[in-house]
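Peer 1: After the structure tokens below, expect a handful of questions from me.
Number of protein chains: 2
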Amino acid sequence: MTITPAQETHPDHWKKAAAIRTLTLDAVAAANSGHSGMPMGMADVATVLYEKHLKFDAAAPGWPDRDRFILSAGHGSMLLYALLHLTGSPEMTLDELKNFRQWGARTAGHPEYGHAPGIETTTGPLGQGIATAVGFAMAEEVLRARYGRKLVDHYTWCIAGDGCLMEGVSQEAIGLAGKQELSKLIVLWDNNNITIDGTVDMADRTDQMARFRASGWSVFECDGHDPEEIDQAITEAKKSQKPSMIACRTHIALGSAAQDTSKGHGALTDAGLVADTKAAYGWHHGPFEVPADVKSAWEAIGARGAADHAAWRDRLDAVSASRQAEFARVMAGDPPKRLAATVRALKKSFAEDMPKLATRAASQKALDAINPIAPETLGGSADLTGSNNTKAGGIEVFEPGNRKGRYVHYGIREHGMAAAMNGLALHGGVKPYGGTFMCFADYARGAMRLSALMGVPAVYVLSHDSIGLGEDGPTHQPVEHLAMLRATPNTLVIRPADATETAEAWEIALEQKSTPSVLALSRQGTPALRDSYSAKNLTARGGYIMAEATGKRQAILMATGTEVAIAMEARKLLEADGIGTRVVSMPCWELFEQQDEAWRRKVLPAGPVRVAVEAGLRFGWDRWLCDERGRREKAGFIGMEGFGASAPAEVLYEKFGITAEAAAQKVRDLLG
Amino acid sequence: MTITPAQETHPDHWKKAAAIRTLTLDAVAAANSGHSGMPMGMADVATVLYEKHLKFDAAAPGWPDRDRFILSAGHGSMLLYALLHLTGSPEMTLDELKNFRQWGARTAGHPEYGHAPGIETTTGPLGQGIATAVGFAMAEEVLRARYGRKLVDHYTWCIAGDGCLMEGVSQEAIGLAGKQELSKLIVLWDNNNITIDGTVDMADRTDQMARFRASGWSVFECDGHDPEEIDQAITEAKKSQKPSMIACRTHIALGSAAQDTSKGHGALTDAGLVADTKAAYGWHHGPFEVPADVKSAWEAIGARGAADHAAWRDRLDAVSASRQAEFARVMAGDPPKRLAATVRALKKSFAEDMPKLATRAASQKALDAINPIAPETLGGSADLTGSNNTKAGGIEVFEPGNRKGRYVHYGIREHGMAAAMNGLALHGGVKPYGGTFMCFADYARGAMRLSALMGVPAVYVLSHDSIGLGEDGPTHQPVEHLAMLRATPNTLVIRPADATETAEAWEIALEQKSTPSVLALSRQGTPALRDSYSAKNLTARGGYIMAEATGKRQAILMATGTEVAIAMEARKLLEADGIGTRVVSMPCWELFEQQDEAWRRKVLPAGPVRVAVEAGLRFGWDRWLCDERGRREKAGFIGMEGFGASAPAEVLYEKFGITAEAAAQKVRDLLG
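Chains C and A are the protein sequences, given in the same order.
Residue 175 in UniProt numbering sits at position 175 of the first sequence, and the numbers go up by one each step.
Residue 290 in UniProt numbering sits at position 290 of the second sequence, and the numbers go up by one each step.
Shown next as structure tokens:
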């Protein structure tokens, strides 16, 4: 009695796959937590992929031209950890497997980018992996076009489960990949018909193969436990000129008493069940024990790519030193050398011209200057190109017929765009930025959080950043979004006040190597406020004095973005009344928080009343209104108290009371 | 030369449709803002729908059994406003059209629920309408099963554009509707091949008809400018036993110089273009002028349903008075009469048993008690039923074979679930609650924001509300989510500390008529803290004294959820040191904010040091740490400073320093 025919017909394959399965059982049992069923179900597919197709060199997991393997069904993390261990990753020791899901281990419950080489991206929130994989595949196309196929020519593989395919973001990914004809993207669908609540058809009856075909994919099918069928399907998929999906019919928790059940999805920890399953596998070894012959076979797989890798290094050595250096620079994510000088030149011109510009328009001017000197940028927008001002600097459209294009029409797919941006950045060699209305950061949030968690230096260009959006109304007007974004760890939320701050914001964003940036940009025009050129990037201080009080300092007005101009107007009113008023521009709270206390006290000294002005909600502002012995009753806020409304922007500012007069009056009231 | 054949072959139809088109042109020109192209493109389809199929009575827009019409492509709001005006809605006067997109007008840039009868839901963020329509159609099935087809038997119609179909949430909606065989849901796809950036194929080449078919829909096609083809397609769709999609081939901005271009998507305000277009329509009337015969024809359409409506009222009158009252109660969204008594009884039992329970388990106990006495609840989960503890009180699964089931397997579709919940609640008669892990509120945020904006009293059951989730790791551990949710206007974020507060939270949530609630629930067990029964709902105060200081009050510990127990332990440590310490439970900031100042000062008096304890980020807490002359240096926070990690929950609390000892030490440090 065998579990699958391969157990007898392909005993070597079977043993290699069994090693994955039994390590999974052991690790989950040790942790008393985790997901056993998925690795047990997909072990055969993964074994064939690694043995026969995946281009990698276990000794050099950072090889830029390796195939990328993305485990979108991240709960099956033990599949990835077992593969890394078995193929000889130095970091993924047996001890790491034994410490699965424990404090400090590389083997987190879901694969966490940065925990170990070979974990290409963080997955777990379903659908993210497949959508991120699209970005990886796009990056490969971009770099192949730029550096040639001698240096860049690899596949992106993705294992996705039913959950991934039910999440809406998967549709955005499928549509984008289909349009972009990403022929080197191959998705292996773990078609096991089981989710946590039960069989898939309790919630979905979608014909997934037809669905992928409808978006321009090649679709293949195989018995996910038959190594020859798997190999054949993968071989065919590699030949396709379209992205491919292979539907792998599998049994979740194969060979266990929980096979084909939702119980099998979770942690199989019952000692008897584990023992019985191992016995059924013909596996008569202790916990975490992999016989030497099986381990050797896996290590041979891990070494399979070494020659390819050496040949690749030779090809790299053969290109010019400057080209090598450039390739190394962009893969390392270092900013372009001329970035600082370019931004300084732009700031000089702004200081001279003092342009009244929407900050989204200033952002376009920055990109006009930066894109030509930063070949690694890849811009785009979720169908709001003209509104986000993201197509700039003469870049062309990235599409199947023009892989040198550096502008992506992502479609009306904010979430898919953000996830693709993660993949583009994680691949290396590409610095992605992408635009939408700030309000629709809501849609992208699942992926934006992963940017922050992974430390992906993507740049989110979020225009129409307040009620200044005007007539489109409250569905399109962010009010809580600055708070939401600021609350997210490891995210720079930069809301520039004028053209100069916008240029500085871009410099900051492009200098980041492990932090995503949000540029919150206005729809409406706003005057130039920085009236003298400074080589220093003042925005990088997070908060700084935009205008000092005349005479005795009685009030400090804090503001961001377009409201700094309102604060400057309020200052005029107050100073005319003899009330010395400082204006502090606070374009980036996170950077201000990172300054030393001396700077923060200098900018926001105790004593004067404080009023913050921002066309958003107060939520979060108390951090700055009450600091340093500040008392609540000596602080105030001018901003929104709820959702916006549909009307011209200037009417909204007036009706919602976000005006210079209101800010000045608030100061007068506080001074009593 | 005619624009479409119908201009000659169906002159009466043409004129009615032209009225929509010209009102759109005039309103957009007056506003100098808006979207002309979509109403101009879909006017024929809408005219046929209203004239021949839509069941409605313009004089009684609140008729519970009316067909629901959802404009998912909400930027085409003038289509809806024109239809409401033309058919005789008393509220949608010509003046409203003239004030399109102006302050105070009912005619916001996008349709806003509550602005006028006939606006069934807020749309604008793309994809929301189609996903919300699924909820409307589900509600119809639920109520038809409960009250019979004599009282409930109507269609849900939805016009969706290319943008709606590119958004991922549409796939969740399509999949859910297909599985649920919602045969009375009919989507009219405005297939005009244009988006803001250009032609659809710049971003997408999906065969939408194949895609819908793949998820179990019936699919039809028509020339969207041929009234007979439109009628035929709709007639066929109504016969289908599946949800239907009709692909309507249309020309955006029909008949104008901008026809079939992305320019046509936006605001056509050029006077010459408007004049030329009207001339091409054969429309020789002034701005906002609709000739009497055309207006009469439209008003006749508006009155078409009056007889049906009267017959329906007769049928309603024929049912028993108690059934009528119950129908009226659930349609009005009034809470069940026995709610308060049921919750009190539950609280009594908790006060006696003092159970140590995860609050998600306490929530299940609450639902066990409430679901039997609240026939209007419709529960569900995004494939985490066993984890969210949402299937309770003996309710069965809602599915095509059992429309009396009250539990929805929404699938791995948080966004689609939330949008469907909006539709379920907006339809009336149903009180939806739905669960997922709190972290995946990220995925649902687009729809949850609309719950808040519309004032939809949906209940979001967000379990696993902190690092207490444990081994699944940082992708699944909310840290910024409480801040994000609290920052959202008109949303009650309730994080109960124990079983009693959980029961009270459910009472509050089910009493709401215009505010959504989030129940933030723990995975891990937590002790009962409320040790004496009180008939009063203390959670409704938002914050209250859980334990008073012994002797002189030197410190106040504030906490929410499972951290209240930690604060209680810290209090013991402090009191043992002779430091009088009050513990304040703050399960709902929004409700606490709504109390009068006297209550807030009573609970949080000036003087004592304040330390907040919450296993989330500090962001937002300064509101309570600094209030009432509180000084920053006399306040502290014990919580998270960044993302979580993968390890058992108790290890994480220890490693991240969220312990009673750490809280006590913080107080000692502050007292100096």
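Just so it is clear, CB atoms sit at the ideal spot from N, CA and C, and this is done for glycine as well.
Just curious, the alpha helix (DSSP H) that L80/A is in, first and last residue?
Peer 2: Taken as a continuous stretch (DSSP letters only), the alpha helix (DSSP H) holding L80/A covers S77 to T87.
Peer 1: For chain A, check one thing: does any of its Cβ atoms lie closer than 8 Å to the Cβ of A662/C?
Peer 2: For A662/C, the answer is no, since every Cβ of chain A falls outside 8 Å of its Cβ.
Peer 1: With A105/C and N99/C assumed to form a contact (beta carbons below 8 Å), what rounded beta-carbon distance in angstroms separates them?
Peer 2: Contact holds; Cβ gap of about 4 Å.
Peer 1: If you measure from the beta carbon of residue 684/C to each beta carbon in chain A, is any gap under 8 Å?
Peer 2: Residue 684/C lies beyond the stretch modelled for chain C, which goes from 1 to 672, so this question has no answer here.
Peer 1: For D465/C, count the other beta carbons within 10 Å of its own beta carbon; 16 or more makes it buried, fewer makes it exposed. Which is it?
Peer 2: Classification for D465/C: buried.
Peer 1: Can you pull the chain A residues whose beta carbon is under 7 Å from the beta carbon of V651/C, in chain order?
Peer 2: The answer, in chain order, is W103.
Peer 1: Any contact of the region 339-355 of chain C with the region 512-524 of chain C, i.e. 3+ C-beta pairs under 8 Å?
Peer 2: No, the region 339-355 of chain C does not touch the region 512-524 of chain C.
Peer 1: Within 8 Å (strictly less), CB to CB, does D204/C reach chain A?
Peer 2: Yes, because at least one Cβ of chain A sits closer than 8 Å to the Cβ of D204/C.
Peer 1: Suppose you measure from the CA of D140/C to the CA of A559/C; what does that come to, to the nearest Å?
Peer 2: Per the sequence shown, the amino acid found at residue 140/C is Glu instead of Asp. Straight-line Cα distance between these residues: approximately 42 Å.
Peer 1: Rounded to the nearest angstrom, what separates residue 691/C and P39/C at their Cα positions?
Peer 2: One cannot answer for residue 691/C here, as it falls past the ends of chain C, which runs 1 to 672.
Peer 1: Any residues in the region 131-152 of chain C with a beta carbon nearer than 7 Å to a beta carbon of chain A? Which ones, in chain order?
Peer 2: Result list empty, no residue passes.
Peer 1: Kindly indicate which three-state DSSP category I20/C falls into: helix, strand or coil?
Peer 2: Correct three-state label for I20/C: helix.
Peer 1: Can you check whether the C-beta of G411/A is within less than 8 Å of a C-beta belonging to chain C?
Peer 2: Interface residue, yes.
Peer 1: Answer yes if the region 547-563 of chain A comes into contact with the region 576-584 of chain A, meaning at least three C-beta pairs across the two stretches below 8 Å, and no otherwise.
Peer 2: Segments in contact, yes.
Peer 1: Taking a Cβ distance cut-off of 8 Å, strictly less, list which residues of the region 210-227 of chain A are near chain C, in chain order.
Peer 2: Under the 8 Å Cβ criterion, the region 210-227 of chain A contributes A210, R211, R213, A214, S215 and G216.
Peer 1: Taking the C-alpha atoms as reference points, what is the distance between A505/C and G380/C?
Peer 2: If I take the Cα positions, the gap works out to 18 Å.
Peer 1: Can you list, in chain order, the stretches of the alpha helix (DSSP H) that have 4 or more residues and sit fully within the region 409-494 of chain C?
Peer 2: If we require 4 residues or more, the alpha helix (DSSP H) runs fully inside the region 409-494 of chain C come out as 414-427, 441-454 and 481-487.
Peer 1: State whether the region 41-52 of chain A contacts the region 216-227 of chain A, with contact taken as three or more CB pairs (one from each stretch) at a distance under 8 Å.
Peer 2: Touching, yes.
Peer 1: From the DSSP secondary-structure annotation, give me the bridge partner or partners of G188/C.
Peer 2: As written in the sequence, residue 188/C is Leu, which differs from the Gly given in the question. DSSP lists I159/C and I246/C as partners of L188/C.
Peer 1: To which residues of the same chain is A664/A closer than 7 Å at the C-beta, ignoring the five residues directly before and after it?
Peer 2: Within the same chain, A664/A has close Cβ partners A570, L573 and L574.
Peer 1: Closer than 8 Å, CB to CB, is residue 676/C near chain A or not?
Peer 2: Absent from the structure is residue 676/C, since the part of chain C shown begins at 1 and ends at 672.
Peer 1: Can you tell which of K263/A, S218/A and I234/A has its C-alpha closest to the C-alpha of P243/A?
Peer 2: Checking every option, the nearest Cα to that of P243/A belongs to S218/A.
Peer 1: Is DSSP giving A549/C helix, strand or coil here?
Peer 2: Residue state, collapsed to three classes: coil.
Peer 1: Does S646/A get closer than 8 Å to chain C when you measure Cβ to Cβ?
Peer 2: Judged by the 8 Å Cβ criterion, S646/A is in contact with chain C.
Peer 1: Of the choices E376/C, V667/C, V456/C and G135/C, whose alpha-carbon is the least far from that of G114/C?
Peer 2: That would be V456/C, whose Cα lies nearest to the Cα of G114/C.
Peer 1: Counting only beta-carbon separations shorter than 8 Å, does F619/A have a partner in chain C?
Peer 2: Chain C contact via Cβ: present.
Peer 1: Kindly indicate which residue of H110/C, R249/C, A6/C and V319/C has the alpha-carbon position closest to the one of G148/C.
Peer 2: Answer by Cα proximity: V319/C.
Peer 1: For R629/A, does the three-state DSSP call read helix, strand or coil?
Peer 2: For R629/A, the predicted model reports a pLDDT of 47, less than 50, meaning its position is unreliable; a value from the coordinates is still stated below. Coil at R629/A, not helix or strand.
Peer 1: Any C-beta of chain A sitting closer than 8 Å to the C-beta of E167/C?
Peer 2: It does: the Cβ of E167/C has a partner Cβ on chain A nearer than 8 Å.
Peer 1: Whole angstroms is fine: what's the gap from P605/C's alpha carbon to D669/C's?
Peer 2: Spanning the two alpha carbons is a distance of roughly 20 Å.
Peer 1: List the endpoints of the continuous beta strand (DSSP E) containing S320/C.
Peer 2: No beta strand (DSSP E) contains S320/C, which DSSP labels as neither H nor E.
Peer 1: Excluding the 5 residues preceding and the 5 following G124/C in the sequence, name in chain order all residues of the same chain whose CB lies nearer than 6 Å to its CB.
Peer 2: Cβ within range, chain order: G74 and H110.
Peer 1: Decide yes or no for the touch test of the region 323-334 of chain A against the region 460-475 of chain A: beta carbon pairs closer than 8 Å, at least 3 of them.
Peer 2: Counting Cβ pairs under 8 Å, fewer than three are found: no touch.
Peer 1: Sorted by chain position, which residues of the same chain lie with C-beta nearer than 8 Å to A441/C's C-beta, five sequence neighbours on each side aside?
Peer 2: Only E414, M448, Y460, L462, P478, H481, M484, L485 and V518 meet the Cβ criterion.
Peer 1: By how many angstroms is the C-alpha of D204/C removed from the C-alpha of N371/A?
Peer 2: Near 26 Å, if we compare the C-alpha coordinates of D204/C and N371/A.
Peer 1: With DSSP run on the structure shown, which of helix, strand or coil describes L573/A?
Peer 2: Here L573/A sits in helix by DSSP.
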